[in-house]
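Quick mapping for you: the protein sequence lines, in order, are chains A and B.
In terms of my numbering, the first sequence opens at residue 306 and continues consecutively.
In terms of my numbering, the second sequence opens at residue 306 and continues consecutively.
Ideal Cβ placement from N, Cα and C applies to all residues, glycine included.
There are 2 protein chains.
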Amino acid sequence: MNEFQLIDRFFAREDNPDSVKVGIGDDGAVLATNNGRDLVVVTDTMVEGVHFVCGQPASALGHKILSVNLSDVAAMGAEPDWVTLNLVLPEVNSNWLEEFAQGFFELADRYSVVLVGGDTTHGPLSVTATVGGWVPHGEALCRSKAKVGDHLYVSGALGHAALGLSLLSEKRISINDQHNCFLRRLLWPEPRISLGSLLRPLASAAIDISDGLIADLEHITLASGDLGALIHESMIPIEPGFEEFCSHSAILTMALTGGDDYELCFSVDSKQTGAVVRLSRHLNLPLTLIGHVDSRPGVRVIDAQGKYRQINSPGYLHHW
Amino acid sequence: MNEFQLIDRFFAREDNPDSVKVGIGDDGAVLATNNGRDLVVVTDTMVEGVHFVCGQPASALGHKILSVNLSDVAAMGAEPDWVTLNLVLPEVNSNWLEEFAQGFFELADRYSVVLVGGDTTHGPLSVTATVGGWVPHGEALCRSKAKVGDHLYVSGALGHAALGLSLLSEKRISINDQHNCFLRRLLWPEPRISLGSLLRPLASAAIDISDGLIADLEHITLASGDLGALIHESMIPIEPGFEEFCSHSAILTMALTGGDDYELCFSVDSKQTGAVVRLSRHLNLPLTLIGHVDSRPGVRVIDAQGKYRQINSPGYLHHW
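This is the structure in structure tokens:
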């Protein structure tokens with residue numbers, strides 16, 4: 306049973322009150338509050354040995370637990386406001402805590418996110434953050450409104466974080482090798498907050514890429530009524546630099562299934578191509594057309610020769 | 306270093322924006338939202354072996370993680386609305402999850418609290434819940450507004466949960482001994498939601514008793530400007546039934562320092578005594594006068610002979 310089946314089976318319910326505009330099953334929840342804005346709430350836990358390696362700089366962990374949550378806020382088109390933080394710590398190590406707080410607050414301050422509460426507990430190292438944000442009433446971006454024919458885009462470049470993790474696990478780089486751009490992408494992902502809020506009038510659906518492009522895109526196509534998507538291998542944005550470490554085919558697999566890049570994947574009506582180009586220029590951030598939504602269920606990847614690529618594992622899944 | 310010193314040192318900051326009415330250091334955060342209501346956010350984590358014992362019924366754990374958060378919401382005088390849930394699980398055990406969900410939703414439904422999101426992760430068992438609630442603008446109950454001369458009250462009876470834990474650790478009862486009322490108080494605490502919201506026009510300060518009466522009352526007196534409190538041992542509400550298991554002196558110590566009862570402790574202007582009596586009758590819940598706020602820092606307990614009681618450990622503290 307994977308994480309999504311588990312949630313569906315034991316925790317998803319159908320009878321949400323009217324104030325809950327979006328409940329379980331999207332990047333975050335959306336709650337109407339009668340003040341012209343909807344409250345968006347997202348939460349994520351990171352456990353040592355599962356989401357981060359032993360010995361990871363504490364500042365990077367402080368950054369990342371907030372960043373992965375801000376990435377969910379961005380995918381909802383919301384602006385973040387406050388955060389609560391739950392720390393489970395095996396011991397009090399002042400240096401570690403100071404570094405953690407420094408990484409956390411550096412990012413929080415950059416987006417004016419205020420730490421308003423939390424708790425600390427003794428136990429095996431894990432961290433949970435819950436972030437609240439705001440979006441104009443009814444304008445939250447969801448996974449469920451992609452339409453057949455919509456163009457599909459991703460921000461930035463993909464595969465970097467997965468390559469960083471792979472280099473780390475093969476001991477080709479060390480956890481302290483701060484100059485390695487792939488490790489930096491793994492440890493210090495940048496949430497696409499500005500992009501998310503500017504996509505509100507433009508995108509029909511959006512998600513952040515945490516589990517891998519194919520897996521996350523599948524969340525969009527499924528939630529939008531069992532639609533499908535066709536994406537073109539040659540259009541996947543990959544930045545140069547990987548050649549020193551792996552083949553083009555390997556980086557492509559990481560881009561498609563690796564996850565942890567925290568870029569946004571979004572669908573846009575095909576008439577809006579010009580607006581996406583202007584947005585990309587305005588943000589100075591690549592927004593790359595990678596394919597389109599169609600009516601055949603599933604996500605298919607086509608190579609330059611027009612052949613379907615065989616995908617063995619669509620992305621990162623917590624399996625028990 | 307204890308939990309509170311740790312938070313102060315690494316995470317408390319002074320420059321909160323105006324929208325944050327109450328930040329770190331109260332039962333919950335209070336955020337102004339411009340719709341006549343303030344958003345109250347509370348969060349708590351429970352770790353196996355620290356906050357609950359191995360083999361505890363999953364339904365009780367599902368109940369308690371929500372209950373301890375609702376208790377914080379009650380202490381702020383707010384009405385709960387939504388909850389997010391983060392589960393870290395060593396394995397997927399369908400029976401366990403079904404029971405956990407049953408205990409969780411039974412309580413959630415009783416207070417119309419909607420589960421809106423969360424995540425599940427593989428790792429050592431721990432659960433985190435974050436609850437959002439609402440309170441009319443400016444009316445949240447805080448720890449910081451007790452005044453010299455205010456009367457101090459507690460709801461219900463104290464010491465039951467600590468006695469339950471003690472009986473359990475001494476193996477005088479088993480974790481499945483559901484008929485033992487002390488074990489029930491430990492495993493199935495009832496949040497005082499109605500009391501909390503009805504205290505809004507009445508109480509000057511409030512807190513829920515999670516760490517022990519003295520320790521939690523000290524949070525009120527300290528936050529209210531380094532005031533103090535005098536409480537009368539003979540007035541502490543203790544229900545009969547303990548005599549089968551321990552002495553009166555032992556249950557009194559548990560009532561003063563044991564914690565985990567999740568009753569409310571609150572201060573009220575001395576002119577409002579009649580209103581508290583009427584509220585108690587209306588709720589059919591004992592609200593017992595136990596002492597008053599004074600200007601001498603610290604919480605002192607006086608016995609029937611007028612002697613000060615020596616308190617060795619004021620309550621439950623996470624020490625590392």
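{"Asked": "DSSP bridge partner residues for Gly422 of chain A (one or two, in chain order)", "Found": "A:Thr389"}
{"Asked": "Meets three-Cβ-pair contact criterion under 8 Å: the stretch 378 to 387 of chain A and the stretch 442 to 456 of chain A", "Found": "yes"}
{"Asked": "Candidates B:Gly564, B:Arg586, B:His597 and B:Leu557, of which the one nearest Val305 of chain B by Cα", "Found": "The structure shown does not extend to residue 305 of chain B, since chain B is modelled only from 306 through 625, so no value can be given for it."}
{"Asked": "Contact list for the stretch 415 to 438 of chain B against chain A, Cβ threshold 9 Å", "Found": "Ser417, Val419, Leu420, Val421, Gly422, Gly423, Asp424, Thr425, Thr426, His427, Gly428, Pro429, Ser431, Thr433, Thr435 and Gly437"}
{"Asked": "Alpha-carbon spacing of Met551 of chain B relative to Ala467 of chain B, whole angstroms", "Found": "Reading the sequence as shown, one finds Cys at residue 551 of chain B and not Met. If you take the alpha carbons of Cys551 of chain B and Ala467 of chain B, they lie about 12 Å apart."}
{"Asked": "Distance, Thr426 of chain B Cα to Leu492 of chain B Cα", "Found": "24 Å"}
{"Asked": "8 Å CB neighbourhood of Gln407 of chain B in its chain, flanking five on each side removed", "Found": "Ser364 and Gly367"}
{"Asked": "Element boundaries [beta strand (DSSP E), containing Gly533 of chain A]", "Found": "Gly533 to His537"}
{"Asked": "Simplified DSSP assignment, three categories, for Lys476 of chain B", "Found": "coil"}
{"Asked": "Contacts that Ile312 of chain B makes with chain A (C-beta to C-beta distance below 9 Å)", "Found": "Gly423, Asp424 and Thr425"}
{"Asked": "Residue from A:Ser479, A:Ile525 and A:Gln610 with nearest C-alpha to Asp332 of chain A", "Found": "A:Ile525"}
{"Asked": "Distance CB(Leu518 of chain B)-CB(Val459 of chain B) smaller than 8 Å", "Found": "yes"}
{"Asked": "Ile556 of chain A beta carbon near the ligand ADP (any heavy atom closer than 7 Å)", "Found": "With respect to small molecules bound, the structure shown includes none, and the ligand ADP cannot be examined in it."}
{"Asked": "Whole-angstrom C-beta distance between Gly464 of chain A and Ala609 of chain A, which should lie under 8 Å", "Found": "So it is not a contact: roughly 17 Å between Cβ atoms."}
{"Asked": "Inter-stretch contact at 8 Å, needing at least 3 Cβ pairs: the stretch 411 to 425 of chain B / the stretch 528 to 547 of chain B", "Found": "no"}
{"Asked": "Cβ neighbour criterion (16 or more within 10 Å) applied to Asp323 of chain A", "Found": "exposed"}
{"Asked": "Test item: CB-CB of Ala580 of chain A and Leu500 of chain A under 8 Å", "Found": "no"}
{"Asked": "Proximity to Leu390 of chain A [Cα-Cα], best of A:Leu371, A:Cys570 and A:Trp401", "Found": "A:Leu371"}
{"Asked": "Under the three-state DSSP convention, the category Thr558 of chain B falls into", "Found": "helix"}
{"Asked": "Nearest-angstrom beta carbon gap, Leu336 of chain B and Leu325 of chain B [assumed within contact, 8 Å]", "Found": "The sequence shown places Val at residue 325 of chain B, not Leu. Confirmed, about 6 Å."}
{"Asked": "Span of the beta strand (DSSP E) around Cys570 of chain B", "Found": "Leu569 to Val573"}
{"Asked": "Own chain residues within Cβ distance below 8 Å of Asp521 of chain A, not counting five before or after", "Found": "Ile512, Asp513, Ile514, Ser515, Gly564, Cys570 and Gly620"}
{"Asked": "Gly328 of chain A at chain B interface by Cβ criterion, 8 Å", "Found": "yes"}
{"Asked": "Where Ser376 of chain B falls, given that 16 or more other Cβ within 10 Å makes a residue buried", "Found": "buried"}
{"Asked": "With 16 other Cβ atoms within 10 Å as the buried cut-off, status of Lys369 of chain B", "Found": "buried"}
{"Asked": "When A:Pro545, A:Cys359, A:Pro441 and A:Trp387 are compared against Trp401 of chain A, the one with the closest alpha-carbon", "Found": "A:Cys359"}
{"Asked": "Residue range of the alpha helix (DSSP H) that includes Thr433 of chain B", "Found": "Element bounds for Thr433 of chain B: not the alpha helix (DSSP H) but the beta strand (DSSP E), Ser431 to Pro441."}
{"Asked": "Reduced DSSP secondary structure (H/G/I, E/B, other) of Met540 of chain A", "Found": "helix"}
{"Asked": "Proximity winner among B:Asp349, B:Asn617, B:His456 and B:Leu590, relative to His537 of chain B (alpha-carbon distances)", "Found": "B:His456"}
{"Asked": "Any chain A beta carbon closer than 8 Å to Ala379 of chain B", "Found": "no"}
{"Asked": "Beta-bridge pairing of Val327 of chain B - partner residues as DSSP gives them", "Found": "B:Val335"}
{"Asked": "Spatial distance of Pro545 of chain B from Thr558 of chain B (CA atoms)", "Found": "15 Å"}
{"Asked": "Exposure of Pro626 of chain B, with buried meaning 16 or more beta-carbon neighbours within 10 Å", "Found": "Residue 626 of chain B cannot be examined here, being either before or after the span of chain B that is shown, 306 to 625."}
{"Asked": "Own chain residues within Cβ distance below 6 Å of Arg605 of chain B, not counting five before or after", "Found": "Leu535 and Tyr613"}
{"Asked": "Contacts of Glu403 of chain A in chain B (Cβ-Cβ under 8 Å)", "Found": "Phe315"}
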